[in-house]
Amino acid sequence: MRVNDREYTVIRPLPEGKTGLSWIVTDGQKQYVLKESYGDLITPEEQTRRQKLNYHQLEKAGIRIPALVDVDYARNRILKEYIDGDNVFELVLRRGLDDSIVLQLYDMSEKAESAGCNIDYFPTNFVLKDGQLWYVDYDTDPYTEEWNLENWGIRYWSRTPELELYLREYGTEFAG
Numbered sequence: 490m491r492v493n494d495r496e497y498t499v500i501r502p503l504p505e506g507k508t509g510l511s512w513i514v515t516d517g518q519k520q521y522v523l524k525e526s527y528g529d530l531i532t533p534e535e536q537t538r539r540q541k542l543n544y545h546q547l548e549k550a551g552i553r554i555p556a557l558v559d560v561d562y563a564r565n566r567i568l569k570e571y572i573d574g575d576n577v578f579e580l581v582l583r584r585g586l587d588d589s590i591v592l593q594l595y596d597m598s599e600k601a602e603s604a605g606c607n608i609d610y611f612p613t614n615f616v617l618k619d620g621q622l623w624y625v626d627y628d629t630d631p632y633t634e635e636w637n638l639e640n641w642g643i644r645y646w647s648r649t650p651e652l653e654l655y656l657r658e659y660g661t662e663f664a665g
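In my numbering, the protein residues as written are 490 to 665.
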């Protein structure tokens, strides 16, 4: 797969996300995540532009995110740092989460709210590496209380009725 003038080899696909398809890729030396945007509500071109703008908003807010490596507007692709860790959704299903992880999530939530946005709090969008919580998506929406951590996101960070309903409807294969 190409991003601008560089070729990358697919290692494996990642589960489909709501704004695009993603793969773990390599240039032969390092691994990355390559995301190709598609548009349900907006065009793929606009989605790619938003991903870059969101990246800068999240970075400025101090939210731990993978580095943006490259943007290919012609192919609607972004290339970002690969964070090799445990997906939080899988951790929730296996054993639950330590308080230190949840405290990091609340810290991210405060930073997002201060920046005027909500991040996608569904746990498939987070990775735990060396005790550090990473938001590995770049999707944001304007801040509203309805979709903040307290009123929506936290419901999926433990074995709640909402998570159990999700599992009955979609299974344990996470849709990151």
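C-beta atoms are modelled at their ideal positions from N, C-alpha and C, and glycine is treated no differently.
| Check | Outcome |
| --- | --- |
| Does the Cβ of residue 525 have 16 or more other Cβ atoms within 10 Å, making it buried, or fewer, making it exposed? | buried |
| Quick one: using the 10 Å Cβ neighbour count with 16 as the cut-off for buried, is residue 499 buried or exposed? | exposed |
| May I ask which residues mark the beginning and end of the alpha helix (DSSP H) holding residue 537? | 533-550 |
| Using the C-alpha atoms, what's the distance from residue 652 back to residue 644? | 7 Å |
| Under 7 Å: does the beta carbon of residue 554 sit that close to some heavy atom of the ligand PLP? | Ligands in the displayed structure: none, and consequently the ligand PLP is not present. |
| Starting from residue 554, follow the alpha helix (DSSP H) in both directions and report where the run begins and ends. | From DSSP, residue 554 is part of no alpha helix (DSSP H); its letter is neither H nor E. |
| Count Cβ pairs between the stretch 584-600 and the stretch 614-629 that sit closer than 8 Å; are there 3 or more? | yes |
| When you compare the CB positions of residue 547 and residue 624, do they come within less than 8 Å of one another, or not? | yes |
| With distance defined between alpha-carbon atoms, name the residue in 516, 535, 523 nearest to residue 502. | 523 |
| Taking the CB atoms as reference points, tell me whether residue 628 and residue 636 lie closer together than 8 Å. | no |
| At the level of alpha carbons, what is the spacing between residue 572 and residue 544? | 15 Å |
| Nearest to residue 550 by alpha carbon, out of 640, 641, 638, 607? | 607 |
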